[in-house]
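All remarks here apply to the structure that follows.
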Amino acid sequence: MTTTPAPARTPAESAVRLAHIMSEHDTNLYGTVHGGVVMKLIDDAAAAAAGRHAGVPAVTASVQGMSFLAPVRAGDLLTVHARVERAGRTSMDVSVAVTSERWNLTGPVTDVATARLVFVAIGPDSRPHPVPALLPDPPEESPA
Ligand SMILES: CC(C)(COP(=O)(O)OP(=O)(O)OC[C@H]1O[C@@H](n2cnc3c(N)ncnc32)[C@H](O)[C@@H]1OP(=O)(O)O)[C@@H](O)C(=O)NCCC(=O)NCCS
């Protein structure tokens, strides 16, 4: 088994956007969505971004921070944006931003949660596996 990491990648190459419509099954007695439901979507999107960067599956090692900024309701379209911010030897820091819109997409987009997690790439031997270096994103092209 090789322990050589894949070629370096930019955050944009591994970024993940996960969209999900909240239902009545996701809500608590107050009619708002359980924090745990949002946390699972955050973990799913962050794991996908980390795995995409690493080229192998990645497991959650720690949650560095999690903030819930506004309530989410049944019928809201939740969008989870995950992006690798740092690549270590086998670990990666992933930042996540969550937004919500009413299902008919006519209202404002609201920031509802942010999180920062650490993932560790796992190789075929089930041990931590080297990850590619993280390149800076290229500067955005200004409109002509
Ligand atoms: C995460 C895990 C693979 C680390 O294994 P380990 O044998 O402790 O790994 P190492 O000591 O060799 O460390 C490997 C990397 O992980 C990082 N790391 C380990 N534990 C960490 C933690 N709690 N928080 C942040 N980073 C951590 C190390 O800093 C190191 O980073 P680097 O290679 O970029 O320098 C192991 O603890 C594990 O399998 N945990 C359970 C993961 C899991 O099931 N997640 C889902 C939970 S619901």
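Under my numbering, residues 20 to 163 are what the sequence shown spells out, in order.
No residue lacks a Cβ here, since even glycine has one placed at the ideal position from N, Cα and C.
Since this is a predicted model, take the numbers as computed values, not measurements.
Straight-line CA distance for residue i to residue j?
i	j	result
VAL99	VAL128	12 Å
LEU37	ALA66	11 Å
ALA34	ARG28	11 Å
GLU30	PRO158	Here residue 30 is Pro; the residue named in the question, Glu, does not match the sequence. Approximately 12 Å, taken between the alpha carbons.
GLY107	SER81	14 Å
PRO155	VAL103	11 Å
GLU120	LEU96	5 Å
ILE40	LYS59	14 Å
THR46	GLY142	37 Å
GLY70	VAL56	21 Å
Looking at residue i and ligand 1, is the gap between the Cβ and the nearest heavy atom below 8 Å?
i	result
ILE141	yes
SER110	yes
VAL52	no
VAL129	Looking at the sequence provided, one finds Thr at residue 129 rather than Val. THR129: no, Cβ never under 8 Å from ligand 1.
THR23	no
SER86	no
SER81	yes
PRO147	yes
VAL35	no
GLY107	yes
VAL75	no
Which one of the options has the shortest CA to CA distance from residue i?
i	options	result
ASP144	GLY54, VAL75, HIS39	VAL75
ALA116	TRP122, ALA25, GLU160, ALA89	ALA89
If you measure between the beta carbons of residue i and residue j, is that distance less than 9 Å?
i	j	result
VAL139	SER114	no
VAL91	VAL52	yes
ALA93	ALA64	no
VAL150	HIS44	no
Nearer than 8 Å: is that true of the beta carbon of residue i relative to any heavy atom of ligand 3?
i	result
VAL137	Questions concerning ligand 3 fall outside what the structure shown contains, since the ligands it does hold are ligand 1.
Beta strand (DSSP E) segments (min. 3 residues) lying fully within the region 98-162: 110-121, 129-140
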